[in-house]
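J.: Have a look at this one.
In mature numbering (1 follows the signal peptide of the UniProt record, and there is no 0), the protein residues as written are -16 to -1, 1 to 295.
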């Protein structure tokens, strides 16, 4: 009888306990919301499996380490990935989810939005704004360390992501939730012209690829995103208020980088010795500009299908 009474008492307090648990999860590092950062493996994965992207390797590793070492950050980590198709933007975003959460990209605290899938109708932007704000706030209440990935920003309705502006600045507490521990990743091809031009000039001048510096590109990428009327960042207050931690440029890939992608995927399939396939895929990839054939038009994106063709 006493045991049954105890159970009834516990059940009567369950709603209050659940609310307390959510609030505790929002503020505490020890809350079990699947957050298990493994920085060493993240850095190794980036350096081992991302090819031709010295800027990305340095910036992402440095910013993530600095952010996670700060137990009381004054704002979230906001990274904006820019570059041509197949250069590794989606790959790096998945690496973040994989190495920051115990259940990797299947974690309920890794949230992915694709513009053409989740926000396909431009004139419904006000509805999307309400839904997005509610979704982000609700999930941050569940886990303060949540990751939000926004893909195809070049197709995002203008003005939509600005609804996140109050959550990206130095707000300590909003609606009883700590927003400062979250990670946001924006993925876009906007700015690829700026990035590719810098890479081409670097190649034509005979300099080492590693001579390209972030300082040469970051402001130009921000301006390109802000001024492009088809971009989700068009005249965005997020850019205007300087709420993006880093604009991260993904450089176009040369043939040797594509061949490294081929070799990596072959090894994953147990065919490390197939240099003939590496060479065949390298010859089959389209490169630009026509004069010089410096960079792959698709990066590593079409590599898997081409391997199937030649294997």
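Here a beta-carbon is modelled for each residue, glycine too, at the ideal position from N, C-alpha and C.
Could you check whether residue 223 and residue 175 sit closer than 8 Å to each other, using their CB atoms as the reference points?
T.: As a working mapping, residue 175 is identified with position 191 in the chain shown. As a working mapping, residue 223 is identified with position 239 in the chain shown. In this structure, residue 223 does not lie closer than 8 Å to residue 175 by Cβ.
J.: Label residue 243 either buried or exposed according to how many other C-beta atoms from any shown protein chain fall within 10 Å of its C-beta, with 16 as the threshold for buried.
T.: As a first step, residue 243 must be located in the chain shown, where it is residue number 259. By the neighbour-count rule (16 or more Cβ atoms within 10 Å), residue 243 is buried.
J.: Out of 78, 22, 292, 41, which has the shortest C-alpha to C-alpha gap to residue 170?
T.: The residue you call residue 170 lines up with position 186 of the chain shown. Nearest option by C-alpha distance: 78.
J.: How many whole angstroms separate the CB atoms of residue 291 and residue 261, which I take to be in contact at a CB cut-off of 8 Å?
T.: Taking the first residue of the chain shown as 1, we reach residue 291 at position 307. Taking the first residue of the chain shown as 1, we reach residue 261 at position 277. The Cβ separation is near 6 Å, so the contact holds.
J.: Could you give the distance in angstroms between the alpha-carbon of residue 132 and the alpha-carbon of residue 116?
T.: For the purposes of this step, residue 132 is taken as residue 148 along the chain shown, with counting starting at 1. For the purposes of this step, residue 116 is taken as residue 132 along the chain shown, with counting starting at 1. Taking the straight line from one Cα to the other gives about 11 Å.
J.: Please report how far the alpha carbon of residue 84 lies from the alpha carbon of residue 106, in whole angstroms.
T.: As a working mapping, residue 84 is identified with position 100 in the chain shown. As a working mapping, residue 106 is identified with position 122 in the chain shown. Cα to Cα, residue 84 sits roughly 33 Å from residue 106.
J.: Just curious, the beta strand (DSSP E) that residue 179 is in, first and last residue?
T.: By one-based count along the chain shown, residue 179 stands at place 195. From DSSP, residue 179 is part of no beta strand (DSSP E) but of the alpha helix (DSSP H) over 176 to 188.
J.: With 16 other CB atoms within 10 Å as the buried threshold, where does residue 125 fall?
T.: Taking the first residue of the chain shown as 1, we reach residue 125 at position 141. The residue in question, residue 125, is buried, as its Cβ has 16 or more Cβ neighbours within 10 Å.
J.: Pair every Cβ in the stretch 191 to 211 with every Cβ in the stretch 228 to 242, then say whether three or more of these pairs are closer than 8 Å.
T.: Cβ pair count under 8 Å is three or more, so yes.
J.: Would DSSP call residue 12 helix, strand or coil?
T.: Here the question's residue 12 lines up with position 28 in the chain shown. Because the pLDDT of residue 12 is 48, which lies under 50, any placement of that residue in the model is unreliable, and the question is left without a value.
J.: Would DSSP call residue 59 helix, strand or coil?
T.: Working through the chain shown from its first residue, we reach residue 59 at position 75. Residue 59 falls in the coil class under three-state DSSP.
J.: Would you mind stating whether residue 144 and residue 168 have Cβ atoms separated by less than 8 Å?
T.: The sequence position of residue 144 within the chain shown is 160, counting from 1. The sequence position of residue 168 within the chain shown is 184, counting from 1. Not a contact, by the Cβ cut-off of 8 Å.
J.: Look at the alpha carbon of residue 9 and the alpha carbon of residue 29, and state the distance between them as a whole number of angstroms.
T.: Walking along the chain shown from the start, residue 9 turns up at place 25. Walking along the chain shown from the start, residue 29 turns up at place 45. Confidence at residue 9 is low in this model, with a pLDDT of 49, below 50, so its placement is unreliable and the value that follows should be read with caution. Those two C-alpha atoms are separated by around 29 Å.
J.: Suppose you measure from the CA of residue 2 to the CA of residue 17; what does that come to, to the nearest Å?
T.: In the chain shown, residue 2 corresponds to position 18, counting from 1. In the chain shown, residue 17 corresponds to position 33, counting from 1. The predicted model places residue 2 with a pLDDT of 44, which falls under 50 and marks its position as unreliable; any figure quoted below should be read in that light. Cα to Cα, the separation comes out at about 14 Å.
J.: Does the distance from the CB of residue 19 to the CB of residue 129 come in under 8 Å?
T.: Your numbering for residue 19 matches position 35 in the chain shown. Your numbering for residue 129 matches position 145 in the chain shown. Contact: yes.
J.: With distance defined between alpha-carbon atoms, name the residue in 76, 271, 99, 101 nearest to residue 89.
T.: The count along the chain shown starts at 1 and reaches residue 89 at position 105. Of 76, 271, 99, 101, the residue nearest in Cα terms is 76.
J.: In the structure shown, what three-state DSSP assignment does residue 77 receive?
T.: Reading the chain shown from its first residue, position 93 is the one you call residue 77. In the structure shown, residue 77 sits in a helix (DSSP, three-state: H, G or I).
J.: Return the chain-ordered list of same chain residues with a C-beta closer than 7 Å to the C-beta of residue 122, the five sequence neighbours on each side being excluded.
T.: On the chain shown, position 138 is the one that residue 122 refers to. Excluding sequence neighbours, residue 122 sits near nothing in its chain.
J.: Could you check the C-alpha separation between residue 61 and residue 154 for me, to the nearest Å?
T.: Position 77 of the chain shown, counting from 1, holds the residue named residue 61. Position 170 of the chain shown, counting from 1, holds the residue named residue 154. C-alpha separation (whole angstroms): 11 Å.
J.: Apart from the five residues just before and just after residue 135, which ones in its own chain have a Cβ nearer than 6 Å to its Cβ?
T.: As a first step, residue 135 is located in the chain shown; it is residue number 151 there, counting from the start. Correct list, in chain order: 98, 171.
J.: Contact defined as beta carbons within less than 8 Å: I believe residue 208 pairs with residue 178. What is the distance between those atoms, to the nearest angstrom?
T.: The residue you call residue 208 lines up with position 224 of the chain shown. The residue you call residue 178 lines up with position 194 of the chain shown. With 8 Å as the limit, residue 208 and residue 178 qualify as a contact, their Cβ atoms being about 5 Å apart.
J.: Go ahead and pull the three-state DSSP assignment for residue 228.
T.: Position 244 of the chain shown, counted from the start, is the residue given in the question as residue 228. Residue state, collapsed to three classes: coil.
J.: What are the boundary residues of the alpha helix (DSSP H) that includes residue 241?
T.: As a first step, residue 241 is located in the chain shown; it is residue number 257 there, counting from the start. Element bounds for residue 241: 239 to 252.
J.: How many Å lie between residue 251 and residue 294 at the Cα?
T.: Here residue 251 is taken as the residue at index 267 of the chain shown, counted from 1. Here residue 294 is taken as the residue at index 310 of the chain shown, counted from 1. About 15 Å.
J.: Excluding the 5 residues flanking residue 146 on each side, which residues of the same chain have their C-beta closer than 7 Å to its C-beta?
T.: Locating residue 146 in the chain shown gives position 162, counting from the first residue. The residues are 220, 221, 222.
J.: Exposed or buried, what is residue 213 when buried is set at 16 or more other beta-carbons lying within 10 Å of its beta-carbon?
T.: For the purposes of this step, residue 213 is identified with residue 229 of the chain shown, where counting begins at 1. When all chains shown are included, residue 213 counts as exposed.
J.: On the criterion of 16 or more Cβ atoms from any shown chain inside 10 Å, does residue 256 qualify as buried, or is it exposed?
T.: Your numbering for residue 256 matches position 272 in the chain shown. Exposed.
J.: Return the chain-ordered list of same chain residues with a C-beta closer than 7 Å to the C-beta of residue -8, the five sequence neighbours on each side being excluded.
T.: Taking the first residue of the chain shown as 1, we reach residue -8 at position 9. Only weak support exists for where residue -8 lies, its pLDDT of 42 falling under 50; the coordinates are left without a value.
J.: Helix or strand or just coil, what does DSSP make of residue 112?
T.: Here residue 112 corresponds to residue number 128 of the chain shown, with the count starting at 1. Helix, per DSSP.
J.: Tell me which same chain residues have a C-beta within less than 6 Å of the C-beta of residue -11, skipping the five on either side of it?
T.: Counting from 1 along the chain shown, the entry for residue -11 is found at position 6. The predicted model places residue -11 with a pLDDT of 45, which falls under 50 and marks its position as unreliable; any figure quoted below should be read in that light. So no residue of the chain qualifies.
J.: Suppose you measure from the CA of residue 253 to the CA of residue 127; what does that come to, to the nearest Å?
T.: Your numbering for residue 253 matches position 269 in the chain shown. Your numbering for residue 127 matches position 143 in the chain shown. Roughly 36 Å separates the two Cα atoms.
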